[in-house]
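The structure appears right after this line, and notes come after that.
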Amino acid sequence: MLKRLVAAAAAVVLSGCVKEITSEERLERETQSKDPKSAATAEELSRIKCSDTNDTLQKARNDTRPETDRLQTYIELYESLNARRQKFEEAMSRNPDLAYKEGSQELVAAREECVQQSADVKVEFERYVRELVDVPTVQEIRGGSTVVVARLDFTVLRQAIETLNGDDRDALLNRVANAEKKVEVKPDAKKPKK
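In structure tokens:
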């Protein structure tokens, strides 16, 4: 009983020793970990555009291309748009004047375009990935019998799932792993090596 009282008293004393930090100290702590020189300048941001993605997006949508290639194009486009969007977000959070000074309307509009393009491509990309995860294999006739084959390269499909990093990422990866187990082993892989 005495040990419990001593422990409780120590906990009360220790909890009273916590120093509250002021808003100024909190701001200082947050800003000192970020190097303001590494943020993009207004001139650098003015060169970033997200309106130049139509050709790449059409390439990703082209259903005559192999699905692995289409998926790789979506991955590259999504990562590129995200990088551009993050440059805007980082620069404007480190230097809020970029969004409010005179003549900044173009920067704000470019940032909004990157945010919108990134969101639109993500929806389309995610829909395509889910379609591929739902039906990752197809049946083909080989040598007079039906075999299960991969619809696309599972490594690229995993990369796409990782890139999207959704809440159900692990479940999607498990579904891909299960589908991979169903795919027929190539005849060369069955033969013992000499």
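Take 1 as the starting number for the sequence shown in the working numbering and just add one per residue. Think of the CB as a built atom: it goes at the ideal place given N, C-alpha and C, for glycine as much as any other residue.
Mind checking residue 171: buried by the 16 CB within 10 Å criterion, or exposed?
-> Counting from 1 along the sequence shown, the entry for residue 171 is found at position 171. Residue 171 comes out exposed.
Backbone secondary structure at residue 145 - three-state DSSP = Taking the sequence shown and counting its residues from 1, the one referred to as residue 145 is at position 145. Strand at residue 145.
Count the other CB atoms within 10 Å of the CB of residue 41; is the residue buried (16 or more) or exposed (fewer)?
-> Along the sequence shown, read from residue 1 onward, the residue named residue 41 stands at position 41. When all chains shown are included, residue 41 counts as exposed.
Just reading off the alpha helix (DSSP H) that residue 80 is part of, what are its end residues?
-> In the sequence shown, the residue the question calls residue 80 occupies position 80. Here the alpha helix (DSSP H) through residue 80 covers 67–94.
Is residue 176 near residue 133, with beta carbons less than 8 Å apart?
-> As a first step, residue 176 must be located in the sequence shown, where it is residue number 176. As a first step, residue 133 must be located in the sequence shown, where it is residue number 133. Yes, they are a contact pair.
Alpha carbon to alpha carbon, how far is residue 63 from residue 167?
-> For the purposes of this step, residue 63 is taken as residue 63 along the sequence shown, with counting starting at 1. For the purposes of this step, residue 167 is taken as residue 167 along the sequence shown, with counting starting at 1. Distance between the alpha carbons of residue 63 and residue 167 is about 28 Å.
For residue 93, is the classification buried or exposed, using 16 other Cβ atoms within 10 angstroms of its Cβ as the cut-off for buried?
-> Numbered from 1 along the sequence shown, position 93 holds the residue referred to as residue 93. Classification of residue 93: exposed, given that the 10 Å Cβ count is below 16.
Return helix, strand or coil for residue 140, following the three-state DSSP convention.
-> Position 140 of the sequence shown, counting from 1, holds the residue named residue 140. DSSP places residue 140 in strand when its eight states are reduced to three.
Is the distance from the Cβ of residue 81 to the Cβ of residue 118 below 8 Å?
-> Here residue 81 is taken as the residue at index 81 of the sequence shown, counted from 1. Here residue 118 is taken as the residue at index 118 of the sequence shown, counted from 1. Yes, Cβ-Cβ distance for residue 81 and residue 118 is below 8 Å.
Got a sec? Which residues, its chain only, sit under 7 Å from residue 60 by beta carbon, not counting five neighbours each side?
-> Within the sequence shown, the letter at position 60 stands for residue 60. Cβ neighbours of residue 60 beyond the five flanking positions: 70, 73, 74, 77.
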